[in-house]
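Residue numbers (my numbering), protein chains in the order written: chain A, 1 to 344; chain B, 345 to 1064.
In structure tokens form, the structure reads like this:
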């Protein structure tokens, strides 16, 4: 039994081990994205990086917020915000499953002593216009990882595809430490004093207060306003990007203008819309007739950004344009006005 | 002759797809070999597991047999001039690959021609297989597939290795960038290594077994044996047989073993439905029960490894199940904070279908429809409690808002029923009424398949019919009826459910009325504005239910196809009466008199059809024109027909058919002695009118002309 091991990994050691493992396999170690997301997939390090032809390998921790899943900290297995360790391998190596299994070893799981199954589980996000094919990885009956081969993202067919590995860290830690409640997970152990800090110590208040906010106090009217503002801003940017290609006079500097266009900011705004939608949903503020429509509005933003992003990646400036940009110097470039659609 | 082996090594294939694909691949290889004249001497077998699809064909010819054929060339007169071969003869000889001296001559109607025997060398099997097999593999049907290299290369999961061999020789083929070799792979954990396949045939099966990969049959046997053994450790216990679950775990493992785990008996307070769903659907565990089928606090998990000596795996599975059960208990308790009656309003936030509105709107419609229905069957003598139906319809969908159903969607309806049983549904409701309401809610999704039972009570039956009719009516009105294999809302299954429920509860419900009412319940709703303007709603539903009833009569009741056709030709609005008619006709089959009548009806139908296409107008019957046989037929037909109709009206179809059979001598005499298509126009028309009268007079039970009489069928008296 796991308890027979003297000191199973603490929550933070688990994170460190996984990060080290993937760093050693060539992944960029990114930091959690600082805008609320419902899943690690929504962070730009996944959503945008999987688009286009450029290979990429990245691993990052991502706290993921799902307001409707909150349980006021009363349920030992459910959280409003949980931690995922997200790995993107683009393109996936032929032995991607084997490498993944090695990562279990890095957590101290001796596979020979366990029951391992890859069970069909395909993933789809209507809000992101994204889907993939894969499995839930079951270890002794516990789903420890979501393993997905991305096929489409933001409505764009992927080439090459990416493999996405999403480790559910609370579940894995509870399994390793053999505790029945997430809140009893040892987050950290002071090496000098042996003093233990639990998951509950770190996060319980967070769970309680955000449940109260999301279910009871979030102001529906203002949340709607927020949503609409973010949507309008995002749309404005997308219109601005589309307008770049239309402007004939600017055709000489087009590639450069495209390159500096803030699609990343547009994507942040899309994420905010998605999160606000989740809050409104948890609040029970979205009626049946609205619901499908609101999801479609967020998807329209995500799909628009994905298409623009692919275009932006393709349209790299020529060497001559790069040179010109250097000659013009940065301060002047900064003063350049954005297309009118955005500034209005 | 060499044995052939193809193994497609793949990342884990979904368990639900393996059996069907294994069959398909075997079939594809079989057909390919046959088509290419490489038929194996033995039976093709398969060996598949989550990570491989393999096909073994014993005794495949090393090459196609040579084919000798006679080909014809130029005419002899052109080919030879003065006994010497011309360039035409030389060209033909070259083409045929023979010496000019060996050319033969054939004589045809057009004269003498050159000819040659040509032997076409059969191609080696290896060459054909390496060329054709990749196409077969690429054509395999998958319910859901993916690409991992080029978007055009699709398979269920990435292919990681291929073995293709004729005896010990590798067949050089390539699929999606993977080249075939002679190396397979063993069990992921127990024998994680490359496995050298010495040769195709049983040697392959042997090396796989050493590498801890068993065949499907072996896995199933091993699982059953170990399930039995593990259960025997508990007195008087047995594991709950579950074919679907067994198939799933067989296809989730390469080398299975079974462990017995326990859970806290405290959880047995939760309803068995919840516990079994968690174990079966979420954890793929078998439930353990005592001799009275009562659940015991144990479970059986099937592992994909060779055992669990230290109990580490059992501990893990028990931990997960405990968490799942705790969750379920937590949901159960949380749900009680808001009783079902509060939740009807919440249904406004749950979508039923995007154009048909929310479940709240559906609830209101189903309430109205089930009220009409219960009133209608009450008037026709069925004992039913409208109050129970009304309340059950009001609460039926409220469990969709509960935590328990959000978590375990397959328990919809059941959870509502369980909650209704323990909650106060209304003030001063006697317990028996509450239980009746609870049972109706519990059963209202039933029957979920043709094998599933129908709702236990009339109230449950009415609610189930109204709920399904509302869905079908809405979808048809939108113009979204099922087409071909497309039936996303499972309307066929729901319609089958209606047929089965009406049939088994013997409910006097007319389908036309039911769907008229169901459509009426949508009147003035927002949904109605989305309804299709082009669809003929009534006709589409009539055809749809004719198909469903045909399926039910043939597949569920086992009636012969001709009986079904005959009976459906007389209408199918009333399901119970339609089945009774089919029973009566089936019982009469084999009676000589009845069969003879059927033959006569066939004749009548043909005559009338010809007359009709010939433009003959049928006139009112004139008795003055009758000859003797006509008069006798007419004289007997009238009282028999009156009695026949009276018996039909009483639902005594068998007796009605016995009555009809009495007409036989007069019908026989008529056809023996009377020429219907008489030269005299007035006689002809009068005789046609008589036959028309006979056809129409007895059409209430079936169109007897549809009955097919086999000559070799034994003639017995009708079964009583």
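We treat Cβ as the ideally placed atom computed from N, Cα and C, and that holds for glycine.
In this text, all values refer to a predicted model and were calculated from it rather than measured experimentally.
- Against chain B, the CB of residue 7 of chain A has no partner CB under 7 angstroms away; the residue lies outside that interface.
- Each residue's CA atom was taken as its position, placing residue 977 of chain B and residue 917 of chain B some 32 angstroms apart.
- Chain-order list of chain B residues neighbouring residue 77 of chain A: 667, 668, 670, 671 and 674, by C-beta distance under 9 angstroms.
- Uninterrupted alpha helix (DSSP H) stretches at least 4 residues long and entirely within the region 752-822 of chain B occur at 758-766, 775-787 and 802-821, given in chain order.
- By a beta-carbon distance limit of 8 angstroms, residue 493 of chain B does not contact residue 354 of chain B. Their separation comes to about 14 angstroms.
- The count of Cβ pairs closer than 8 angstroms, one atom from the region 17-35 of chain A and one from the region 50-67 of chain A, reaches three, so the stretches are in contact.
- For residue 284 of chain A, the neighbours in chain B by C-beta distance under 7 angstroms run, in chain order, 693.
- Proximity of residue 200 of chain A to chain B, defined by a Cβ-Cβ separation below 7 angstroms, is not satisfied.
- A straight line joining the alpha-carbon of residue 878 of chain B with that of residue 820 of chain B spans about 11 angstroms.
- Any Cβ of chain A closer than 7 angstroms to the Cβ of residue 627 of chain B would place that residue at the interface, and such an atom is present.
- The three-state secondary structure of residue 94 of chain A, taken from DSSP, is coil.
- For residue 226 of chain A against residue 657 of chain B, the beta-carbon gap comes to about 49 angstroms, at or over 8 angstroms, which does not count as contact.
- When Cβ pairs closer than 8 angstroms are counted between the two stretches, the region 670-688 of chain B is seen not to touch the region 139-147 of chain A, the count staying below three.
- Each of B/464, B/429, B/416 and B/430 was checked against the Cα of residue 409 of chain B, and the nearest Cα belongs to B/464.
- For residue 509 of chain B, there are no neighbours in chain A by C-beta distance under 9 angstroms, as the nearest C-beta there is about 22 angstroms away.
- For residue 829 of chain B, the secondary structure class from DSSP, reduced to helix, strand or coil, is coil.
- With respect to the 7 angstroms criterion, residue 270 of chain A and residue 218 of chain A are not classified as neighbours on the basis of their beta carbons.
- Excluding residues up to 5 positions away in sequence, 728, 730, 733 and 806 lie with their Cβ nearer than 6 angstroms to the Cβ of residue 718 of chain B in the same chain.
- With fewer than three CB-CB distances shorter than 8 angstroms, the region 764-772 of chain B does not count as touching the region 832-851 of chain B.
- Taking C-beta atoms as the reference points, residue 524 of chain B and residue 534 of chain B fail to come closer than 7 angstroms.
- Straight-line measurement puts the Cα of residue 78 of chain A at about 30 angstroms from the Cα of residue 654 of chain B.
- Taking 7 angstroms as the cut-off between beta carbons, the residues of the region 150-161 of chain A near chain B are 151, 157, 159 and 161, in sequence order.
- Closest by C-alpha distance to residue 55 of chain A, out of A/92, A/40 and A/74, is A/92.
- Listed in chain order, the non-local C-beta contacts of residue 66 of chain A below 6 angstroms within the same chain comprise 38, local neighbours out to five positions each way being set aside.
- A distance below 6 angstroms between beta-carbons, with the five flanking residues on each side excluded, links residue 872 of chain B to the following residues of its chain, in chain order: 866.
- Distances from the alpha-carbon of residue 931 of chain B to those of B/998, B/483, B/910 and B/886 put B/998 closest.
- Using a C-beta cut-off of 8 angstroms, the region 359-374 of chain B makes contact with the region 398-405 of chain B, since at least three inter-stretch Cβ pairs fall below that distance.
- Residue 556 of chain B sits close to residue 530 of chain B, with the two beta carbons spaced by under 7 angstroms.
- In this structure, the straight-line span from the alpha carbon of residue 738 of chain B to that of residue 707 of chain B is close to 6 angstroms.
- Assigned with DSSP and collapsed to three states, residue 850 of chain B falls in coil, not helix or strand.
- Comparing alpha carbon positions, the residue from A/84, A/99, A/80 and A/44 closest to residue 22 of chain A is A/99.
- Neighbourhood of residue 31 of chain A in chain B, by CB distance below 9 angstroms: empty, with the nearest CB roughly 29 angstroms away.
- Judged by DSSP secondary structure, residue 361 of chain B falls within the alpha helix (DSSP H) whose first and last residues are 359-379.
- Residue 175 of chain A reaches chain B at 660 and 663, counting residues in chain order whose Cβ is nearer than 8 angstroms.
- Assignment of residue 576 of chain B by DSSP, reduced to helix, strand and coil, places it in the helix class.
- Between residue 176 of chain A and residue 9 of chain A, the C-beta spacing is below 7 angstroms.
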